[in-house]
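Q: Residue numbers (this note's numbering): 176 to 355. Glycine residues also receive a C-beta, built at the ideal position from the N, C-alpha and C atoms.
(1) Excluding the 5 residues flanking residue 274 on each side, which residues of the same chain have their C-beta closer than 7 Å to its C-beta?
(2) Less than 8 Å between the C-beta atoms of residue 286 and residue 338, yes or no?
(3) At what residues does the beta strand (DSSP E) containing residue 347 begin and finish?
(4) When DSSP labels each residue in this structure, what does residue 279 get in the three-state scheme?
(5) If you reduce the DSSP assignment to three classes, tell me which class residue 298 lands in.
(6) Would you report the Cα separation of residue 271 and residue 251, rounded to the nearest angstrom?
(7) Please report the straight-line C-alpha distance between residue 129 and residue 192, rounded to a whole angstrom.
(8) Can you tell me the Cα-Cα spacing of residue 263 and residue 177, whole angstroms?
(9) On the CB-based measure, 16 or more other CB atoms within 10 Å of its CB, does residue 266 come out buried or exposed?
(10) Tell me which residue opens and which closes the alpha helix (DSSP H) that residue 248 is part of.
(11) Does the distance from the CB of residue 257 to the CB of residue 187 come in under 8 Å?
(12) What first and last residue would you give for the beta strand (DSSP E) that runs through residue 194?
(13) Flag this pair as touching only if the stretch 228-240 and the stretch 201-211 have three or more C-beta atom pairs under 8 Å; answer yes or no.
(14) Return the residue from the list 205, 249, 195 that minimises the CA-CA distance to residue 228.
(15) Per DSSP, residue 340 forms a beta bridge with which residues?
(16) Provide the residue(s) that pair with residue 241 in DSSP beta bridges, ordered along the chain.
(17) Which residue comes first and which comes last in the beta strand (DSSP E) that contains residue 218?
(18) Quick check on residue 265: does DSSP put it in helix, strand or coil?
(19) Rounded to the nearest angstrom, what separates residue 316 and residue 347 at their Cα positions?
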């Protein structure tokens with residue numbers, strides 16, 4: 176399995192107990208949806224290695240799990256900090272006005288007037304909002320705050336992201352020498 180075909184589910188925090196169990200952080204919107212997982216991929220170096228889950232007990236964003244192959248504290252200790260992945264094709268479908276962060280990478284962003292602002296290079300999670308990191312045609316990096324209320328529409332086929340942009344925000348990036 177290639178890492179580009181997967182999404183990060185979370186990571187292993189530390190061993191739990193003496194029998195190879197692990198405490199993991201599930202870095203997803205709905206951790207309880209993963210209560211019946213049968214397997215995950217664990218990143219070891221540059222490879223994703225499949226592990227079958229004996230059991231998993233999800234509690235909010237943390238879970239205790241046991242892998243079939245891990246039976247001792249030492250074996251569990253060797254996985255501390257390892258990232259957990261699942262294939263992209265197991266992600267639930269989203270509504271028209273929802274998206275996964277990895278999905279919008281490379282999308283072209285347009286404002287409410289239909290003007291192109293730039294292309295999404297990264298998304299930063301910042302509390303209750305996201306920060307879209309764009310690059311415009313001149314190579315200028317633009318940091319654009321995003322909340323769901325600002326979304327006009329997403330066009331997945333055309334790879335376009337249309338949002339409301341606050342008045343004056345683009346001028347900060349397009350006219351940096353202007354001092355009002």
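A: Reading it off the structure:
(1) So the list reads 329, once near-sequence residues are dropped.
(2) yes
(3) Note, residue 347: premise wrong, no beta strand (DSSP E); alpha helix (DSSP H) at 344-349.
(4) helix
(5) Under the three-state reduction of DSSP output, residue 298 falls in the strand class.
(6) Approximately 41 Å, taken between the alpha carbons.
(7) Within the shown structure, residues of the chain are numbered from 176 to 355, placing residue 129 beyond reach of any answer.
(8) 11 Å
(9) exposed
(10) Residues 248-252.
(11) Cβ distance < 8 Å, so residue 257 and residue 187 count as in contact.
(12) No beta strand (DSSP E) contains residue 194, which DSSP labels as neither H nor E.
(13) yes
(14) 195
(15) None; residue 340 has no bridge partner.
(16) Under DSSP, the beta-bridge partners assigned to residue 241 are 230.
(17) If you look at residue 218, you'll find it in the beta strand (DSSP E) that goes 214-219.
(18) helix
(19) 11 Å
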